[in-house]
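Undergrad: Take the sequence shown: its letter number 274 is residue 613 in the working numbering, and every next letter is one higher. Ideal placement from N, C-alpha and C gives every residue a C-beta, glycine not left out.
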Amino acid sequence: MSRGLPLPGLAVLALLVGSPALADETDDDVAQFGPAPDQVHIELAGTTLMVSARFSLDLEGPSTSEGATSLTMPPTAMVTRATATIGSMRYPLQLADADAARTAFDDLIEGAPSSDRKAMLLLSGSDQTLTLDTALPRRTRVLLDLRLEMPTCYFRDARYALLPKRWFDKLDVARPRVAGDDIDGACAPANAFGDSEWLAFPTRELARKPPGNGRIGAIGGRLELDERHLARIELDLSRELSAAPADLHTAIVIDHSRSVMPNELEAERAIVASYLQRVPAQSRVQVIGYARTAKPMLPDWMPAAASAPRVDREIRALAPRNGSNVDSAIAEAARWLARAKGPRRLIVFTDDRIASRIEAIEPATFKRTLPDGTLVHVVSIFDGRGGLVRNDDSPLAPLAQATAGLAVSGGPDDKHQVDATLLVRPISVDQIHISGPGWTRLDIEDTTCPADNADDVGLDNTLAEGQACTWWGQGDAVSGPVTIEGLVWGRRVTRVVRPDPSQGISLARMLSATQAFSSNEDESLQELVDRAAFALNSVWSMVATWGGSGGYADTEGFGTISGGSFSSGCCSDSIGDVGIGVGTPRPPLDLRAQLAPVVAKCGAGGDHFAITLETTSEEITDVAFEGSVARATEKCLVEGTWDLSLKIPNAPWRASTRTEF
């Protein structure tokens, strides 16, 4: 069977169950989580995980049931479709206003009985809990197929989603379970529970691009709600953002003036050792010590790996001297770099205790002494600060900024270890700023990109390679593109994203699953989002009815019903502008004539198959194909159907239509 998008997810399922699906489960499992599915199919569609899950349920009758058991669904999942199969009959559950559906169910279970009772399934739920209420004239075996939609989390060139542990054994294609504190820290949603494990889907789109700015990705969606629009931007960095050139020449100048404490000189040595270990082995280095004068430590440019032991000995042997003439050191490095072929780099170590005359030198003056294209890093030594961090306030930081390099400060940790990778190649995007005309940042749970004032309030405004962050904004119909700005070392990087309105329903489902605005001052915003999700939540339920018209007032199954009279707002022929009429079904739509040209074009006139369309008014929202035809023919039929512009007089607000050929 070829399908459109698989199911968006729900939360909990309440059923009367005596099912083979429970045979391998403990009573405690079922009591806590409800039955596990018999079958699970998953696939990644863009950034969304599509899940299809089938449950086998033995439901009692003649009786009614309200929330007999519960079924735990994956975190952040939304159920977008449900179908009940009883014998050879399929009953798609239609989306309906939750309050109207509940009223219709209550009316049925209080209704007068007859020999021909109406059957009804009511699926509802939120907060990871799906409830199935049933009114059935006889004991019935139901195959309940759910389709769920789940957002995924980008992390190190893969997309991750949490799946309940019990679901893994039911996957139609076995997949490894992934675990790790780093994944949990980067991706675990706030409502994650301990009985879930990670699925990973490698995504190499960014990693396949050349090292550099191409490995910075950004995508955006737009949700239109009355006069308000919401935008979501996701910024993704590949696992390895960049690479150091193999023919790199690096001149390193070491401060051994008297103001440098012994532990600070040791910090310089440790950082240089780390750099030489991580830079390409055959790249070339020269190390220059400076105080009042500057002196090279190596006789010539030497391979980084081979020179490391000698460089280590030379730095250990440096004696303190008066003077911190970093200008002399830069001039000496410039002479060596002028003889180099290929990319040139200068790393300047300093304790920041330099003469005022040097502080007064303009960065352009230093830059003019260096060969064109030389990139400069500045390292301010602070022993005791484990690791290296960006420091644009260093006295020599303007020199790094003028050459698109990086100024950092820090030193080894208490175990005398330090990682100098950020001096070898860019490993983050810093000073991130996201804005757009007409957009105002929304600080909700899923907003993880740094705020503009992050640095001012002591928060990190850096995104490390392999990581992702999201930004939400609120605007209106005229709000324009969103601009992402940041620094990669000293180079400014810009991405402009036009939020895609076709992603609106996916955004609504994300926000509905997390109830992002439930505590917002504007409570109406959450209801707008929930209605735009068109999936099971607090405002939408799913309903199927069939059979006669008799009720269940004579049965023992129905629970307490609140007093008052009920007016049917669901599941009838005339339902107004909410809910779906499924009680006395409408005549099925006849779409054969409009599908016929597609069948003819694909040469399928002699084949036997069925096409089921889900429509909202005249829009096709899903295509399901059943039949045994050539793969190319099936693809032609499905794609051709998606391209149709249906004409349906007095079109129902929502319908599912099966056409057999």
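Between Glu405, Arg764, Leu802, which lies nearest to His772 when the distance is taken from Cα to Cα?
TA: Leu802
Undergrad: Across the stretch 468-487 and the stretch 392-399, are there enough close Cβ pairs to call them in contact, namely three or more that are closer than 8 Å?
TA: Yes, they touch.
Undergrad: Where DSSP assigns a beta bridge to Asp625, which residues make up the other side?
TA: The identity of residue 625 in the sequence shown is Gln, whereas the question assumes Asp. DSSP output for Gln625 lists Ala590 as bridge partner(s).
Undergrad: With 16 as the cutoff for other CB atoms within 10 Å, does Met600 come out buried or exposed?
TA: exposed
Undergrad: Note down the Cα distance separating Thr998 from Thr542, rounded to an integer number of angstroms.
TA: 37 Å
Undergrad: Answer yes if the stretch 783-790 comes into contact with the stretch 861-868, meaning at least three C-beta pairs across the two stretches below 8 Å, and no otherwise.
TA: Contact fails: fewer than three Cβ-Cβ distances are below 8 Å.
Undergrad: Just the C-alpha distance for Asp586 and Arg516, rounded to the nearest angstrom, thanks.
TA: Using only the alpha carbons, I get a separation of about 41 Å.
Undergrad: So what does DSSP say about Thr833, is it helix, strand or coil?
TA: strand
Undergrad: Answer with buried or exposed for Lys457, where buried requires no fewer than 16 other C-beta atoms within 10 angstroms of its C-beta.
TA: When all chains shown are included, Lys457 counts as buried.
Undergrad: How many angstroms separate the CA atom of Thr996 from the CA atom of Phe948?
TA: Taking the straight line joining both Cα atoms gives about 14 Å.
Undergrad: Alpha carbon to alpha carbon, what distance is there between His755 and Leu875?
TA: Take the alpha-carbon of Leu875 and the one of His755: they are about 55 Å apart.
Undergrad: Between Asn602 and Ala630, which are expected to be in contact by the criterion C-beta below 8 Å, what is the C-beta distance as a whole number of angstroms?
TA: About 18 Å; that fails the 8 Å criterion.
Undergrad: Which residue's Cα is closest to the Cα of Pro991: Ile425, Ala435, Thr387, Gly400?
TA: Ala435
Undergrad: Apart from the five residues just before and just after Phe905, which ones in its own chain have a Cβ nearer than 7 Å to its Cβ?
TA: Because the pLDDT at Phe905 is just 29, under 50, the model does not fix this residue reliably, and the point stays unresolved.
Undergrad: Would you give the residue range spanned by the beta strand (DSSP E) that Gln770 belongs to?
TA: For Gln770, the enclosing beta strand (DSSP E) stretches over residues 767-774.
Undergrad: If I follow the unbroken alpha helix (DSSP H) through Pro838, where does it start and stop?
TA: Pro838 -> no alpha helix (DSSP H), and no H or E assigned at all.
Undergrad: Which whole runs of the alpha helix (DSSP H) in the stretch 495-569 are 4 residues long or more, in chain order?
TA: Complete alpha helix (DSSP H) runs here, min 4: 504-507, 520-526.
Undergrad: Inspect the CB distances between the stretch 459-470 and the stretch 401-421 and report whether three or more fall short of 8 Å.
TA: yes
Undergrad: Compare the beta carbon distance of Arg764 and Ala583 with 8 Å and say whether it is the shorter of the two.
TA: yes
Undergrad: For Ala855, which of helix, strand or coil comes out of DSSP?
TA: coil
Undergrad: May I ask which residues mark the beginning and end of the beta strand (DSSP E) holding Gln813?
TA: Where Gln813 is concerned, the enclosing beta strand (DSSP E) stretches over 807-814.
Undergrad: Starting from the C-beta of Val379, find all residues in its chain whose C-beta is less than 6 Å away, skip the five residues before and the five after it, and write them out in chain order.
TA: Ala392, Trp506, Lys509, Leu510
Undergrad: Hey, Ser663 and Arg692: beta-carbon distance below 8 Å or not?
TA: Yes, these two residues count as a Cβ contact at 8 Å.
Undergrad: Give the DSSP-derived three-state secondary structure of Leu976 in the structure shown.
TA: helix
Undergrad: How big is the Cα-Cα spacing for Tyr493 and Pro682?
TA: 33 Å
Undergrad: Please classify Met428 as buried or exposed, where buried requires at least 16 other C-beta atoms within 10 Å of its C-beta.
TA: It is exposed - the Cβ of Met428 has fewer than 16 other Cβ atoms within 10 Å.
Undergrad: To the nearest angstrom, how far is the alpha carbon of Ser404 from that of Gly464?
TA: 15 Å
Undergrad: Just the Cα atoms here: how many angstroms apart are Gly556 and Leu576?
TA: 6 Å
Undergrad: Tell me which residue opens and which closes the beta strand (DSSP E) that Leu475 is part of.
TA: 468-475
Undergrad: Take Ser622 and list the residues in its own chain whose beta-carbon comes closer than 8 Å to its own, dropping the five residues that flank it on each side.
TA: Ala583, Pro584, Ala585, Asp586, Leu587, His588, Thr589, Pro642, Ala643
Undergrad: What do you reckon, are the CB atoms on Asp594 and Thr689 nearer than 8 Å?
TA: yes
Undergrad: At the level of alpha carbons, what is the spacing between Val418 and Gly744?
TA: Cα-Cα distance, rounded: 49 Å.
Undergrad: Within 8 Å, do at least three Cβ pairs link the stretch 832-844 to the stretch 554-570?
TA: yes
Undergrad: In the structure shown, what three-state DSSP assignment does Arg954 receive?
TA: Strictly speaking, residue 954 in this sequence is Thr, with Arg absent from that position. Three-state DSSP puts Thr954 in a strand.
Undergrad: So what's Lys680 in DSSP terms, helix, strand or just coil?
TA: coil
Undergrad: What did DSSP end up calling Met849 once you bin it into helix, strand or coil?
TA: helix
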